[in-house]
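A.B. asks: Dropping a structure here in structure tokens format, bear with me for questions.
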Amino acid sequence: MERAVILCDGYFGQSTGKTANGLVRYSKRYEIVGVIDHTKAGRDAGEVLDGKPNGIPIVADLKQAVARCRPETLIIGVATFGGYIPKEFRPTIREAIENRLNIVAGLHEYLNDDPEFAKLAETHGVRLVDVRKPRPIRESKQFSDLSRKLPCLRIPVVGTDGAIGKRTTALLLTDALSAAGVPATFVATGQTGLLQGSVYGVPLDSIKADFMVGELESEIVRAYEETQARVVVVEGQGSISHPAYVCGTRAIINASMPSAILMMHAPARKTRSFRRDVVAWPMPTVDEEIEWLQFFTRPIGGGKVIGIGINHENMTRDEVDATV
Numbered sequence: 004m005e006r007a008v009i010l011c012d013g014y015f016g017q018s019t020g021k022t023a024n025g026l027v028r029y030s031k032r033y034e035i036v037g038v039i040d041h042t043k044a045g046r047d048a049g050e051v052l053d054g055k056p057n058g059i060p061i062v063a064d065l066k067q068a069v070a071r072c073r074p075e076t077l078i079i080g081v082a083t084f085g086g087y088i089p090k091e092f093r094p095t096i097r098e099a100i101e102n103r104l105n106i107v108a109g110l111h112e113y114l115n116d117d118p119e120f121a122k123l124a125e126t127h128g129v130r131l132v133d134v135r136k137p138r139p140i141r142e143s144k145q146f147s148d149l150s151r152k153l154p155c156l157r158i159p160v161v162g163t164d165g166a167i168g169k170r171t172t173a174l175l176l177t178d179a180l181s182a183a184g185v186p187a188t189f190v191a192t193g194q195t196g197l198l199q200g201s202v203y204g205v206p207l208d209s210i211k212a213d214f215m216v217g218e219l220e221s222e223i224v225r226a227y228e229e230t231q232a233r234v235v236v237v238e239g240q241g242s243i244s245h246p247a248y249v250c251g252t253r254a255i256i257n258a259s260m261p262s263a264i265l266m267m268h269a270p271a272r273k274t275r276s277f278r279r280d281v282v283a284w285p286m287p288t289v290d291e292e293i294e295w296l297q298f299f300t301r302p303i304g305g306g307k308v309i310g311i312g313i314n315h316e317n318m319t320r321d322e323v324d325a326t327v
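The following block contains the structure:
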């Protein structure tokens, strides 16, 4: 695996830093050797995220990262609203290219389309990798009603909001099923899952609407055909009731034709994970979200919510126990 440091300056441990958070917790594609965030420099990344040190240091800048961690790659570890490259990250990205590090990003603003970065990368002989870039239209697939015919269980993990733990829970579920002797495989639908090393998946929110369902459906079919898994777990995106991020859940439902659904909820969260300074949109109740989900699954044969996962942000252990 390539040795990689994650650029997440000012955002590590926050929802905007969810790509970095996910990679620190779980990565089969890159060996994560450090995190750049000057606000938490000197601390252990695992301790910051989960209260358990994991040996991944947080450093203040790229110079420290290169000297201490000896990386081959710099991963941009933020998921910004709109998918832009943060302006304040550009000097560090430029410095990384000049230090002959490959640059990897999962943003809508592509590194390879940036004239400055593309020219620098060519000069220094490094790769720019845009994992959120979809396939060309002529290579993209449309809906073919294939998932429903698969002899495996198809379980999407959805949620009442964005950045609520859908991917993490889906990965934990896949690993737990496999450990219990139930063949299971994971299909990613976002940039973090792809960066973590998922063999199957698509950058769903980068795909044109005509192809969203078909592209994901083809990956679900491929995942089953190549692994013969009894359970295909599909990462959710957004929320069926989210005012800004509704398309992902609809596409995932239709692409997977779910046998059953798991749903994540954050009981202590009051407003949606989306530009809270501009749009303070209230969270739904669990019952409301289930009602809306099952309204959309009804035309395709059902697929009921059979389990709820709790995101315990801003909750005490007693509050979690009482909620359960």
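Mapping of the sequence shown onto my numbering: residues 4 to 327, in sequence order. For every residue, glycine included, the Cβ atom is placed at its ideal position computed from N, Cα and C. Quantities reported herein were computed from a predicted structural model and do not represent experimental measurements.
Under 8 Å: do the segment 261-270 and the segment 186-194 share three or more Cβ pairs, one atom per stretch?
C.D. replies: No, they do not touch.
A.B. asks: Taking Lys-31 as the reference, give the member of Arg-135, Ala-7, Gly-58 with the closest Cα.
C.D. replies: Ranking Arg-135, Ala-7, Gly-58 by Cα distance to Lys-31 puts Ala-7 first.
A.B. asks: Nearest to Leu-110 by CA position, among Leu-104, Asp-213, Thr-83, Thr-76, is which residue?
C.D. replies: With distances taken between Cα atoms, Leu-110 lies closest to Thr-83.
A.B. asks: Indicate the three-state DSSP secondary structure (helix, strand or coil) for Ala-108 in the structure shown.
C.D. replies: Correct three-state label for Ala-108: strand.
A.B. asks: Provide the residue span of the beta strand (DSSP E) that contains Tyr-33, from first to last.
C.D. replies: Tyr-33 -> beta strand (DSSP E) spans 33-39.
A.B. asks: Per DSSP, what are the beta-bridge partners of Arg-6 in this structure?
C.D. replies: DSSP lists Glu-34 as partners of Arg-6.
A.B. asks: Hey, could you find the ends of the alpha helix (DSSP H) Phe-214 is sitting in?
C.D. replies: From DSSP, the alpha helix (DSSP H) with Phe-214 extends over 212-230.
A.B. asks: Report yes or no: do three or more beta-carbon pairs, one from the segment 271-288 and one from the segment 237-250, lie closer than 8 Å?
C.D. replies: Yes: the two stretches touch, three or more of their Cβ pairs being nearer than 8 Å.
A.B. asks: Less than 8 Å between the CB atoms is what I'm expecting for Ile-35 and Cys-11, so what's the real figure, rounded?
C.D. replies: Not really, about 11 Å apart at Cβ, beyond 8 Å.
A.B. asks: Are Leu-65 and Ala-99 touching if we call contact CB-CB under 8 Å?
C.D. replies: Yes.
A.B. asks: Using only the alpha-carbon positions, how far apart do Lys-169 and Leu-175 sit?
C.D. replies: Going from the Cα of Lys-169 to the Cα of Leu-175 covers about 10 Å.
A.B. asks: What do you get for Glu-142, buried or exposed, if any count of 16 or more other CB atoms within 10 angstroms of its CB means buried?
C.D. replies: By the neighbour-count rule (16 or more Cβ atoms within 10 Å), Glu-142 is not buried but exposed.
A.B. asks: To the nearest whole angstrom, what separates the beta carbons of Val-235 and Cys-155, a pair I think is in contact under 8 Å?
C.D. replies: Right, their Cβ atoms sit about 5 Å apart.
A.B. asks: Measure the beta-carbon distance from Gly-80 to Gly-13 and round it to whole angstroms, keeping in mind my assumption that it falls under 8 Å.
C.D. replies: Incorrect: roughly 11 Å between the Cβ atoms, too far for contact.
A.B. asks: Please go through the segment 279-319 and give each complete beta strand (DSSP E) segment of 3 or more residues, from N-terminal end onward.
C.D. replies: Qualifying beta strand (DSSP E) stretches, in chain order: 308-313.
A.B. asks: Measure from the alpha carbon of Leu-149 to the alpha carbon of each residue in Phe-120, Arg-71, Glu-218, then state which is nearest.
C.D. replies: Minimum Cα distance to Leu-149 is reached at Glu-218.
A.B. asks: Determine the burial state of Met-266: buried for a count of at least 16 other Cβ atoms within 10 Å of its Cβ, exposed for fewer.
C.D. replies: With 16 or more Cβ atoms within 10 Å of its Cβ, Met-266 is classed as buried.
A.B. asks: Tell me whether Ser-221 is buried or exposed, calling it buried when 16 or more other Cβ atoms sit within 10 Å of its Cβ.
C.D. replies: When all chains shown are included, Ser-221 counts as buried.
A.B. asks: Cutting at 6 Å between CB atoms, please list the residues of its own chain near Asn-257, excluding the five before and the five after it.
C.D. replies: The residues are Val-216.
A.B. asks: Go through the segment 132-187 residue by residue and report every complete run of the beta strand (DSSP E) that reaches 3 residues or more, in order.
C.D. replies: For the segment 132-187, whole beta strand (DSSP E) runs of length 3 or above, ordered along the chain, are 156-162.
A.B. asks: If you reduce the DSSP assignment to three classes, tell me which class Val-323 lands in.
C.D. replies: Of the three classes helix, strand and coil, the one that applies to Val-323 here is helix, per DSSP.
A.B. asks: Please classify Phe-120: does DSSP put it in a helix, a strand, or coil?
C.D. replies: DSSP places Phe-120 in helix when its eight states are reduced to three.
A.B. asks: What residue does the alpha helix (DSSP H) around Glu-50 start on, and which one ends it?
C.D. replies: Segment 48-53, the alpha helix (DSSP H) holding Glu-50.
A.B. asks: Specify, as a first and last residue, the run of the beta strand (DSSP E) that Thr-76 falls within.
C.D. replies: 76-79 is the extent of the beta strand (DSSP E) around Thr-76.
A.B. asks: By Cβ distance, which residues of its chain are closer than 7 Å to Leu-114, with the 5 residues on each side in sequence left out?
C.D. replies: The residues are Ile-106, Ala-108, Phe-120, Leu-131, Asp-133.
A.B. asks: Taking the beta carbon of Glu-91 as the centre, do at least 16 other beta carbons fall within 10 Å, making it buried, or is it exposed?
C.D. replies: Under this definition Glu-91 is an exposed residue.
A.B. asks: What are the partner residues of Phe-189, as DSSP defines its beta bridges?
C.D. replies: Phe-189 pairs with Val-236.
A.B. asks: Taking the alpha-carbon of Gly-58 as reference, which of Ala-182, Val-281, Asp-47, Val-249 has the nearest alpha-carbon?
C.D. replies: Checked all of Ala-182, Val-281, Asp-47, Val-249; the closest Cα to Gly-58 is Asp-47.
A.B. asks: Taking 8 Å as the CB-CB cut-off, is Ile-88 touching chain D?
C.D. replies: Chain labels in this structure do not include chain D; a single protein chain is all it has.
A.B. asks: For Val-281, does the count of other Cβ atoms within 10 angstroms reach 16, so buried, or fall short, so exposed?
C.D. replies: Looking at its Cβ environment, which holds fewer than 16 other Cβ atoms inside 10 Å, Val-281 is exposed.
A.B. asks: In angstroms, rounded to a whole number, what distance separates the CA positions of Pro-118 and Arg-138?
C.D. replies: The alpha-carbon atoms of Pro-118 and Arg-138 are separated by roughly 21 Å.
A.B. asks: Please list, in chain order, all residues of the same chain as Thr-172 whose beta carbon is under 8 Å from its beta carbon, the five residues on each side excluded.
C.D. replies: Hits under 8 Å: Val-160, Leu-265, Met-267, Gly-312.
A.B. asks: For Pro-274, which three-state DSSP category applies?
C.D. replies: It is Thr, not Pro, that sits at residue 274 in the sequence shown. Strand, per DSSP.
A.B. asks: Which first and last residues belong to the beta strand (DSSP E) in which Ile-264 is found?
C.D. replies: Looking at the DSSP string, the run of the beta strand (DSSP E) that includes Ile-264 is 264-268.
A.B. asks: Going by DSSP in three states, Ile-100 sits in which element: helix, strand or coil?
C.D. replies: Of the three classes helix, strand and coil, the one that applies to Ile-100 here is helix, per DSSP.
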